[in-house]
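Trainee:
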Amino acid sequence: MTSPDDELRPYLIELERLYEDASYSAQSYFEAAKSAEFWGKAIVFIPAVVTAATSLLIALGGDKQWGAVGAVAGAVAATASFLGSGKQVSSYKDSGRRFTELRHKARMERTLAIKKPSETDLEKQLRTLRKEYGEVVSSSELIPNRLFKRVQRRIGAGVLSYEGSDEPAKGA
């Protein structure tokens, strides 16, 4: 005969997986937002500095061919400034927030499952959360894969752990 805890175990495991999936996804999107914001600023700043430097060279009597370099760098800076990276950064942050919200919901449902709701209710809630996760995934812009390693290190270092938290331990 199986105990009630054994009957809930598959649901608890799946809620833990959902929690972990949402955690990694949220952190990945926040890392992508930071990276996009940095490169969005760098692609304006660096050409602007090159433009200023070439202008100074010409003003100090340097070769006038530097003017072509300055013109190209100025055009790059102006175009990057006009296009901006704000929309992409905003999209990444929005996805990160949505995954964070799902992470909190999964954690709450896992905690409340201890009250031993019916398996049917727990399964229904789990399927609803998984569907919501799928909707967030399908509506989010893709992010570079290289960010995942950074996220693994950050989560491994405890970026999601709260002091005095009752967060589930790894592998629990």
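In numbering that gives the first Met the number 0, the protein residues as written are 0 to 171. Don't be surprised by glycine CBs; every beta carbon is placed ideally from N, CA and C.
Whole-angstrom Cβ separation of Val88 and Ala47, contact assumed at under 8 Å?
Mentor: Val88 to Ala47, Cβ: 19 Å. No contact.
Trainee: Is it the case that the Cβ atoms of Glu122 and Ser90 are separated by a distance below 8 Å?
Mentor: Result no, Cβ atoms of Glu122 and Ser90 do not sit closer than 8 Å.
Trainee: To the nearest whole angstrom, what separates the beta carbons of Phe98 and Ser24, a pair I think is in contact under 8 Å?
Mentor: Confirmed, about 4 Å.
Trainee: So, is Lys169 buried or exposed, given that buried needs 16 or more other C-beta atoms within 10 angstroms?
Mentor: Summary for Lys169: the model assigns pLDDT 47, below 50, so the residue's position carries little reliability, and this model does not support an answer.
Trainee: In the segment 109-165, which residue ranges form an unbroken alpha helix (DSSP H) of at least 4 residues, counting only runs that do not cross its ends?
Mentor: Whole alpha helix (DSSP H) segments, 4+ residues: 118-138 and 146-155.
Trainee: Under 7 Å Cβ to Cβ from Phe147, same chain only, skipping five residues before and after it: list those, please.
Mentor: So the qualifying residues of the chain are Ser27.
Trainee: Along the chain, where does the alpha helix (DSSP H) containing Gly61 start, and where does it finish?
Mentor: Element bounds for Gly61: n/a, residue is neither H nor E.
Trainee: Count the other C-beta atoms from every protein chain shown that fall within 10 angstroms of the C-beta of Ala41, then say buried if there are 16 or more, exposed otherwise.
Mentor: That one is exposed.
Trainee: Compare the C-alpha of Ile154 against each of Glu15, Arg8, Arg109 and Ser22 and name the closest.
Mentor: Ranking Glu15, Arg8, Arg109 and Ser22 by Cα distance to Ile154 puts Ser22 first.
Trainee: Distance, Cα to Cα, Lys86 vs Glu118?
Mentor: Those two C-alpha atoms are separated by around 42 Å.
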